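Report on one structure; see the data block that follows.
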Amino acid sequence: MEETPVLSLSQVSKAFGAVRAVREVSLELRAGEIHALAGENGAGKSTLVKILSGVHRPDSGRVLLDGRPVEFAGPADAQRAGVAVIYQEPTLFPDLSVMENIFMGRQPRARLGLDRRAMRAATAELFGRLGVHLDPGRPARGLSIADQQLVEIAKALSLRARVLVMDEPTAALSGQEAERLFGVAEALREQGAALLFISHRLEEIFRLCRRVTTLRDGALVAADLVADLTPDDLVRRMVGRELEALFPKQDTRAGAVALRVRRLTREGVFTDVSFEVRRGEIVALAGLVGAGRSEVARAVFGIDRWDAGSVEVDGRRLRPASPTAAMAAGLALVPEDRRQQGLVMDLSIERNVGLAGLAALRRGPLISRLAERERARDWAVRLRLKFARLSDPVGVLSGGNQQKVVLAKWLARGPSVLIVDEPTRGIDVGTKAEVHRLLSELAASGVAVLMISSELPEVLGMADRVLVMHEGRLVAELDRASATEESVMAAATGRSAA
Amino acid sequence: MKAAGPLAAAASAPARQGGARRLVDRVARVRELGIVAALAVLFGVTGAANPSFLSYGSIRDILLNSAIIALLAVGQTLVVVTRNVDLSVSSVVGLSAFGGALVLADRPGVPVPLVIAGCVLLGAACGAVNGLLVGVAGVPALVATLGTLYAFRGVDYAWAGGRQVNAADMPEGFLTLGTRSVLGVPLPALVALAVLLAVGWMLRNLRSGRELYAIGSSPEAAVLAGIRVRRRVLTAFVASGALAGLAGVMWAARFGTVDATVATGKELDVIAAVVVGGVAIFGGSGSVYGAALGALLLASITSALAVLRVDALAQTAVNGALLLAAIVLDRLLALRVAAALRRGRFRDDR
Numbered sequence: 001m002e003e004t005p006v007l008s009l010s011q012v013s014k015a016f017g018a019v020r021a022v023r024e025v026s027l028e029l030r031a032g033e034i035h036a037l038a039g040e041n042g043a044g045k046s047t048l049v050k051i052l053s054g055v056h057r058p059d060s061g062r063v064l065l066d067g068r069p070v071e072f073a074g075p076a077d078a079q080r081a082g083v084a085v086i087y088q089e090p091t092l093f094p095d096l097s098v099m100e101n102i103f104m105g106r107q108p109r110a111r112l113g114l115d116r117r118a119m120r121a122a123t124a125e126l127f128g129r130l131g132v133h134l135d136p137g138r139p140a141r142g143l144s145i146a147d148q149q150l151v152e153i154a155k156a157l158s159l160r161a162r163v164l165v166m167d168e169p170t171a172a173l174s175g176q177e178a179e180r181l182f183g184v185a186e187a188l189r190e191q192g193a194a195l196l197f198i199s200h201r202l203e204e205i206f207r208l209c210r211r212v213t214t215l216r217d218g219a220l221v222a223a224d225l226v227a228d229l230t231p232d233d234l235v236r237r238m239v240g241r242e243l244e245a246l247f248p249k250q251d252t253r254a255g256a257v258a259l260r261v262r263r264l265t266r267e268g269v270f271t272d273v274s275f276e277v278r279r280g281e282i283v284a285l286a287g288l289v290g291a292g293r294s295e296v297a298r299a300v301f302g303i304d305r306w307d308a309g310s311v312e313v314d315g316r317r318l319r320p321a322s323p324t325a326a327m328a329a330g331l332a333l334v335p336e337d338r339r340q341q342g343l344v345m346d347l348s349i350e351r352n353v354g355l356a357g358l359a360a361l362r363r364g365p366l367i368s369r370l371a372e373r374e375r376a377r378d379w380a381v382r383l384r385l386k387f388a389r390l391s392d393p394v395g396v397l398s399g400g401n402q403q404k405v406v407l408a409k410w411l412a413r414g415p416s417v418l419i420v421d422e423p424t425r426g427i428d429v430g431t432k433a434e435v436h437r438l439l440s441e442l443a444a445s446g447v448a449v450l451m452i453s454s455e456l457p458e459v460l461g462m463a464d465r466v467l468v469m470h471e472g473r474l475v476a477e478l479d480r481a482s483a484t485e486e487s488v489m490a491a492a493t494g495r496s497a498a
Numbered sequence: 499m500k501a502a503g504p505l506a507a508a509a510s511a512p513a514r515q516g517g518a519r520r521l522v523d524r525v526a527r528v529r530e531l532g533i534v535a536a537l538a539v540l541f542g543v544t545g546a547a548n549p550s551f552l553s554y555g556s557i558r559d560i561l562l563n564s565a566i567i568a569l570l571a572v573g574q575t576l577v578v579v580t581r582n583v584d585l586s587v588s589s590v591v592g593l594s595a596f597g598g599a600l601v602l603a604d605r606p607g608v609p610v611p612l613v614i615a616g617c618v619l620l621g622a623a624c625g626a627v628n629g630l631l632v633g634v635a636g637v638p639a640l641v642a643t644l645g646t647l648y649a650f651r652g653v654d655y656a657w658a659g660g661r662q663v664n665a666a667d668m669p670e671g672f673l674t675l676g677t678r679s680v681l682g683v684p685l686p687a688l689v690a691l692a693v694l695l696a697v698g699w700m701l702r703n704l705r706s707g708r709e710l711y712a713i714g715s716s717p718e719a720a721v722l723a724g725i726r727v728r729r730r731v732l733t734a735f736v737a738s739g740a741l742a743g744l745a746g747v748m749w750a751a752r753f754g755t756v757d758a759t760v761a762t763g764k765e766l767d768v769i770a771a772v773v774v775g776g777v778a779i780f781g782g783s784g785s786v787y788g789a790a791l792g793a794l795l796l797a798s799i800t801s802a803l804a805v806l807r808v809d810a811l812a813q814t815a816v817n818g819a820l821l822l823a824a825i826v827l828d829r830l831l832a833l834r835v836a837a838a839l840r841r842g843r844f845r846d847d848r
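Chains as they are written, first to last, in our numbering: chain H, 1 to 498; chain C, 499 to 848.
Right, here's the structure in full:
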């Protein structure tokens, strides 16, 4: 099996500003082999995928095709070289038909114009292989996440690529759909394609793959034959540190119920979600991407309407669809996407910290710059923010420090319920631990914390209770003792009866 | 779409399509049919009030008046489907009209076809400036083309230096192009129709045409799909500019009198026509046929209001109201389609 790899990376590095997403990673994809890429969220897997697919160019190191160095100028180059990618987030054209989504730029041509009949037939054939029941002519708008993912898979298959990269293709799929995908992947392997498979479900890696490369914090940890490993070995390679050190959850006594959500429903998004969060508690909301967790948070905070149910904060019912009412009641929401939703990137640190509590900074009709600066300075010290000047735009800070600014903005209001959505996504390990320490202290001081997280170690390490969502429903509630990687994943993928 | 297997789905392709698909099709068709219906109502009502509105001369005037805007609307659609906008078209028309007229007046030896080709090229060059600013330099289209709207007009003023070219200065053979009829249809309307059919076919049947829709539908996904987004956006602007250049010569031939202020403010009429015609202002959907029908509808309304002796000032308000109505209708249709697709999805899932 020691022939030349079809596609390989040699010592590639890639940085985004101060964040070194990938550091000197090497990877070899061989024909007729499925290779797994393992690592926690933020370990650099998706960046590596985007280097392979020509989206990012590495800062250093080389990409080799059949042993010869190549430079992909863009995704089109990579596609021509025979590299197809199924991205973690579906990237479809909502206005165009499903079949055009699959064949964009490669539509079959007739003598005059496009051969839509052939395109439809080819799409139907691909869908047949994947067991998808979708009309090839319908627009992509309105497809469920799972269906979108299946269309992405069909698109990648239609490329008849020599190299197929699959970035968490099964995250949104049902067990049956995933099985079919594995069947197709194995068939491709038999035909001599090289596959790179990324999944957070370890059993899939062990079932499907021959080799596994593990990343941690952007660096290569190990490259092994799967047969030589146990699942525990792989988890150790991925996590690589003692959980206790990273997740300093203090034991707290749960107090009165601060947030009570009853039978909350938003049609087509989530259904019948009920839970409570007590003061002093950290409750994690776990589940797969697209399960509806962030949507529940948005509805609770009043950004989106809900169709049925109620939300109470400290025993008082919340007016629906009003973030102002939610804030007045003591709710705070640290959103998932801090660059778009959490911060105004061009404004200074002090301005961003002041944004959510301008009323308190008012002197007469005007905002007091002095009070604003005082508040920012105070919170910068308390959160150990690393910055040059408070008047610098937040855009220049590292991801972790940006997240602290978002936290400061909300903590300055003294909330009774804090909702954090993916609080440590894309931030370095050191700052991660600080954010965890901070959440833990907040809970200890009597704040009710609802934490949405896709990182299982974070969920297991931080939460007093774990709520699990699957396809818009709350399917399990696990206490700290019974929450394990297996039990949470089983519920999140809809495999448990709970 | 019950448990249709792959074979069944392939075999039943034209005959039995999903309910969601049928509805979307119908709505898409209704969109253009809606304008046709509006035109029918307009002609019926106005014709009943004043039968002269339906006379050959009146309809010929409407076709002449809408031809130039329709041509510009076709070009504008190419840009708008990519989630951009070209505000500079009126200035390009002005520049091309004046340039063409000047050459015809001062250099009688230059053959007319060469002048027309030169004007189209001049327009394409202006479009290339827009395209480079938007597609390559990444300046938002609204700002870039607002800038060139002023810049091109400024060039026009500087070039003209207050001069006006009159019909008497231009060869007779050129001027008749603007008013001549073939089989009873004015030539400018035929040109606009030919361009409309050609561009409409290309948008539907060329890969590059489909890619314009893809870019407007999701720019990020277009990059990942390997579409050369910059090149395509540049091409769309060049095409829009070239059509504006052609519209400029048509303007000179039709009106005969040309100075540096030609077509000032017409960019808004063009965008109004595109929006009324059902082209989504955020890109990704809509057809050139709708845009051209939109231009025809707006021109017809202007004529009808004049025939009905409505105050000229109120006409502008009516056009504005129509535009708002078109946008509201678009939004309502989009919501209905989204709801239908959601229902369709649950059916697909069985």
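Beta carbons are placed, not taken as given, at the ideal position from N, Cα and C, and that holds for glycine. Computed from a predicted model, the values in this text were never measured in an experiment.
Looking at the DSSP output, Ile367 (chain H) shares a beta bridge with H:Arg362. Per DSSP, Asp167 (chain H) is one residue of the beta strand (DSSP E) stretching across 163–167. Val693 (chain C) and Ala793 (chain C) have their C-alpha atoms roughly 14 angstroms apart.
Within chain C, not a single residue places a beta-carbon under 9 angstroms from that of Leu164 (chain H); the smallest gap is close to 15 angstroms. Below 8 angstroms, too few C-beta pairs join the segment 652–659 of chain C and the segment 603–614 of chain C to call them touching: fewer than three. In chain order, Ala565, Leu569, Leu744, Met748 place their CB closer than 8 angstroms to the CB of Val689 (chain C), counting only its own chain and leaving out the 5 sequence neighbours on each side. For Gln11 (chain H), the enclosing beta strand (DSSP E) stretches over residues 7–16.
With contacts defined by Cβ atoms closer than 9 angstroms, Thr47 (chain H) and Gly218 (chain H) form a contacting pair. Of the candidates H:Gly342, H:Glu100, H:Ala291, the residue whose Cα lies closest to the Cα of Ala492 (chain H) is H:Ala291. Taking all protein chains in view, the Cβ of Gly573 (chain C) is crowded by 16 or more other Cβ atoms within 10 Å, so the residue is classified as buried. Looking at the backbone, the Cα of Glu336 (chain H) and that of Ile452 (chain H) are separated by about 9 angstroms.
Remark: three or more beta-carbon pairs, one from each stretch, lie closer than 8 angstroms, so the segment 24–44 of chain H and the segment 186–196 of chain H are flagged as touching.
In the three-state reduction of the DSSP assignment, Met469 (chain H) falls in the strand class. Using a Cβ-Cβ cut-off of 9 angstroms, Arg389 (chain H) does not count as an interface residue toward chain C, since no Cβ of chain C sits closer than that to its own.
Taking C-alpha positions only, Leu631 (chain C) is separated from Lys764 (chain C) by approximately 22 angstroms. In this structure, Ala595 (chain C) lies away from Cys624 (chain C), with their beta-carbon atoms at least 9 angstroms apart.
Nothing from the segment 413–442 of chain H brings a Cβ to less than 8 angstroms from some Cβ of chain C. Per DSSP, Glu458 (chain H) is one residue of the alpha helix (DSSP H) stretching across 456–462. Proximity to Arg829 (chain C) across C:Arg702, C:Leu531, C:Ile779, C:Leu796 peaks at C:Ile779, based on C-alpha coordinates. Listed in chain order, the alpha helix (DSSP H) elements of length 4 or more contained wholly in the segment 526–581 of chain C are 554–578. Look at Gly74 (chain H): its C-beta is under 9 angstroms from a C-beta on chain C. Contact check between the segment 97–114 of chain H and the segment 785–804 of chain C: fewer than three CB pairs, one atom from each, fall below 8 angstroms, which does not count as touching. By the C-beta criterion, the segment 141–151 of chain H is judged not to be in contact with the segment 59–66 of chain H, since fewer than 3 inter-stretch pairs fall below 8 angstroms. Shortest Cα-Cα distance from Arg23 (chain H) to any of H:Leu220, H:Ala154, H:Ala81 involves H:Leu220.
The shortest C-alpha to C-alpha distance from Val283 (chain H) to any of H:Leu370, H:Gly175, H:Gly357, H:Ala476 is the one to H:Ala476.
By the Cβ neighbour-count rule, Glu670 (chain C) is exposed, with fewer than 16 other Cβ atoms within 10 Å of its own. In the three-state scheme derived from DSSP, where H, G and I count as helix and E and B as strand, Pro139 (chain H) is classed as strand. Residue state for Met668 (chain C) is assigned as coil, using DSSP reduced to three classes.
When C-beta distances to chain H are compared with 8 angstroms, the residues of the segment 684–713 of chain C below that value are Trp699, Arg702, Asn703, Leu704, Arg705, Arg708, Glu709, Tyr711, Ala712, in chain order.
For Ser589 (chain C), the enclosing alpha helix (DSSP H) covers residues 587–604. Contacts with chain C at 9 angstroms (Cβ-Cβ) include Glu100 (chain H). Residue range 727–753 is occupied by the alpha helix (DSSP H) that includes Arg729 (chain C). Residue contact with chain H for Arg726 (chain C): present (Cβ-Cβ distance below 9 angstroms to some residue of chain H). If you draw a straight line from the Cα of Gly754 (chain C) to the Cα of Met668 (chain C), it is about 8 angstroms long. For Ser26 (chain H), not one C-beta of chain C is nearer than 9 angstroms to its own C-beta. Of the other Cβ atoms in all chains shown, 16 or more fall within 10 Å of the Cβ of Leu791 (chain C); this residue is therefore buried.
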